[in-house]
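These notes concern the structure reproduced below.
There are 2 protein chains.
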Amino acid sequence: MTMEEKTMKCERVYEGRIINVRVDTVELPDKKYSKREIVEHPGAVGIIPITSDKKIILVKQFRKPVEDILLEIPAGKIEPKEEPYICALRELEEETGFKTDTVEKLLEFYTTPGFSNEIIHIYLAENLKEGIANPDEDENIDVVELSIEEAMEKINIGEIKDAKTIIAILTYFNLYKYK
Amino acid sequence: MTMEEKTMKCERVYEGRIINVRVDTVELPDKKYSKREIVEHPGAVGIIPITSDKKIILVKQFRKPVEDILLEIPAGKIEPKEEPYICALRELEEETGFKTDTVEKLLEFYTTPGFSNEIIHIYLAENLKEGIANPDEDENIDVVELSIEEAMEKINIGEIKDAKTIIAILTYFNLYKYK
Chain H
46 MTMEEKTMKC
56 ERVYEGRIIN
66 VRVDTVELPD
76 KKYSKREIVE
86 HPGAVGIIPI
96 TSDKKIILVK
106 QFRKPVEDIL
116 LEIPAGKIEP
126 KEEPYICALR
136 ELEEETGFKT
146 DTVEKLLEFY
156 TTPGFSNEII
166 HIYLAENLKE
176 GIANPDEDEN
186 IDVVELSIEE
196 AMEKINIGEI
206 KDAKTIIAIL
216 TYFNLYKYK
Chain Y
46 MTMEEKTMKC
56 ERVYEGRIIN
66 VRVDTVELPD
76 KKYSKREIVE
86 HPGAVGIIPI
96 TSDKKIILVK
106 QFRKPVEDIL
116 LEIPAGKIEP
126 KEEPYICALR
136 ELEEETGFKT
146 DTVEKLLEFY
156 TTPGFSNEII
166 HIYLAENLKE
176 GIANPDEDEN
186 IDVVELSIEE
196 AMEKINIGEI
206 KDAKTIIAIL
216 TYFNLYKYK
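Sequences listed follow chains H and Y, in order.
Just so you know, the first sequence maps onto residues 46 to 224 in this note's numbering.
Just so you know, the second sequence maps onto residues 46 to 224 in this note's numbering.
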């Protein structure tokens, strides 16, 4: 039996700056109807930048949806027609001031496939050169460096609470140990 | 300098079954105004169920927002006034048929703090007893068992693409190895 859900009706309920919202009426495999609330997002990248002395560079910023200051990997949404790795190089420099020539893709994942199509591509950035940060006008960002052990500890004690950051650090930790 | 963003205006743009959406006009630390699009979500739990022979139980289901069948840990949203661990016991049984008396909290995180307040609590479930699955009317779920090594491989090759599932498996893998 197929699991797919055919779209019978699509109602667009919000068109915004970063997200759009629609409600799809779907036909389930048993022919009954249901509704799916869907947040459309352009996709994003996250970068785990590693310095020459093996420190992870993180950014601290206030996140209005959760009313808290979070410690995260540098990240940002993909601009129209932008290649994800170009977005990674751009966001790394804008948010932290660090530049590099190449990034290595680690993985990609859906953040919340139950209600959004957002996909995040995670890149490893090494061989960093210092430059000047240039965050967006409405971004207030502090840059923080942690050792891998410190970052793992902050996940364990709940001080790092952002999904993409946890995935990037755990993935890098496993890579690093088995290198 | 504080990083916080004061709410100057709040416009509710959508009230739905699982999510609500609002647009906050905020005052930034430099006194300029900006807008924040925020998806309100009641929060969720995810459960990593481990059988007596150390297999991980996952569920396969179609996810309309990404138009794909995903392999995920059992999960579900928290009902009004429900304790997260009660929700974990309930969702485990509803989606997989497996029951247990207690669950152990592993961690919690925000899935997308840039545009949503969704928090997910992850629990480890062991000492499972078989029962009868009873998914929601609009859920079509297949249950799959994988060894830890198979699950790690599926993350590495991109067959597991769901953030909460990646976090639960990587966290369990690290725990398990150091037990």
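Glycine included, every Cβ here is placed at the ideal spot set by N, Cα and C.
- Item | 8 Å Cβ cutoff, Y/Ser97 in contact with chain A | Absence of chain A from the displayed structure is noted, the protein chains being H and Y.
- Message: My assumption, with CB atoms under 8 Å, is that H/Ile101 sits in contact with H/Ile95. Please give the rounded CB distance.
- Response: Translated into the one-based positions of the first sequence, residue 101 of chain H becomes position 56. Translated into the one-based positions of the first sequence, residue 95 of chain H becomes position 50. Right, their Cβ atoms sit about 6 Å apart.
- Indicate whether the contact test is met: 3 or more Cβ pairs, each with one atom in the stretch 62-69 of chain Y and one in the stretch 80-89 of chain H, closer than 8 Å. yes
- Query: Which class does H/Ile186 belong to by DSSP, given the choice of helix, strand or coil?
  - Reply: Residue 186 of chain H sits at position 141 when you count from the first residue of the first sequence. In the structure shown, H/Ile186 sits in coil (DSSP, three-state: anything other than H, G, I, E or B).
- Closer than 7 Å, Cβ to any Cβ of chain Y: which residues of the stretch 49-67 of chain H, in chain order? Glu49, Glu50, Val58, Tyr59, Gly61, Arg62, Ile63, Ile64 and Val66
- The alpha helix (DSSP H) spanning Y/Pro129 covers which residue range? Looking up residue 129 of chain Y in the second sequence gives position 84. Element bounds for Y/Pro129: Pro129 to Thr141.
- Message: Looking at Y/Val104: is its Cβ nearer than 8 Å to the Cβ of Y/Thr141?
- Response: Translated into the one-based positions of the second sequence, residue 104 of chain Y becomes position 59. Translated into the one-based positions of the second sequence, residue 141 of chain Y becomes position 96. Yes, these two residues count as a Cβ contact at 8 Å.
- To the nearest angstrom, report how far apart Y/Asp69 and Y/Ser192 are at their CA atoms. Numbered from 1 along the second sequence, position 24 holds the residue referred to as residue 69 of chain Y. Numbered from 1 along the second sequence, position 147 holds the residue referred to as residue 192 of chain Y. Spanning the two alpha carbons is a distance of roughly 45 Å.
- Query: Of all the options H/Asp207, H/Lys209 and H/Met197, which has the alpha carbon lying nearest to the alpha carbon of Y/Asn219?
  - Reply: The count along the second sequence starts at 1 and reaches residue 219 of chain Y at position 174. Comparing Cα positions, the closest option is H/Met197.
- How do the stretch 46-53 of chain Y and the stretch 107-114 of chain H stand: do at least 3 beta-carbon pairs fall below 8 Å, yes or no? yes
- Message: Helix, strand or coil, according to DSSP, for H/Met53 in the structure here?
- Response: Here residue 53 of chain H is taken as the residue at index 8 of the first sequence, counted from 1. H/Met53: strand per DSSP, three-state reduction.
- Query: According to DSSP, is Y/Thr70 helix, strand or coil?
  - Reply: Numbered from its first residue, the second sequence carries residue 70 of chain Y at position 25. Three-state result, Y/Thr70: strand.
- Query: Since H/Leu116 contacts H/Thr145 with CB under 8 Å, what's their CB separation in whole angstroms?
  - Reply: By 1-based counting over the first sequence, the position of residue 116 of chain H is 71. By 1-based counting over the first sequence, the position of residue 145 of chain H is 100. Incorrect: roughly 21 Å between the Cβ atoms, too far for contact.
- Task: Mind listing the chain H neighbours of Y/Arg108? Cutoff is C-beta to C-beta under 7 Å, in chain order.
- Result: Position 63 of the second sequence, counting from 1, holds the residue named residue 108 of chain Y. By Cβ distance, chain H contributes Pro158 and Gly159.
- Three or more beta-carbon pairs under 8 Å between the stretch 170-190 of chain H and the stretch 175-185 of chain Y, yes or no? no
- If you compare alpha carbons, which of Y/Gly88, Y/Glu128, Y/Ala178 and Y/Tyr168 is closest to Y/Glu138? By one-based count along the second sequence, residue 138 of chain Y stands at place 93. The shortest C-alpha separation from Y/Glu138 is found at Y/Ala178.
- For H/Lys209, count neighbouring Cβ atoms within 10 angstroms of its own Cβ and tell me buried if that reaches 16, exposed if not. Your numbering for residue 209 of chain H matches position 164 in the first sequence. H/Lys209 is buried by the Cβ-count criterion.
- Query: If you measure from the beta carbon of Y/Pro154 to each beta carbon in chain H, is any gap under 8 Å?
  - Reply: Within the second sequence, numbered from 1, the residue matching residue 154 of chain Y stands at position 109. It should be noted that the sequence gives Phe, not Pro, for residue 154 of chain Y. Yes, Y/Phe154 lies at the interface with chain H (some Cβ there is under 8 Å from its Cβ).
- Task: For H/Ala208, go through chain Y and note every residue whose CB falls closer than 8 Å to its CB, in chain order.
- Result: Residue mapping note: residue 208 of chain H aligns to position 163 of the first sequence, counting from 1. Near H/Ala208 (Cβ distances below 8 Å), the residues of chain Y are Phe154, Tyr155, Thr156, Thr157, Ile165, Ala208, Lys209 and Ile212.
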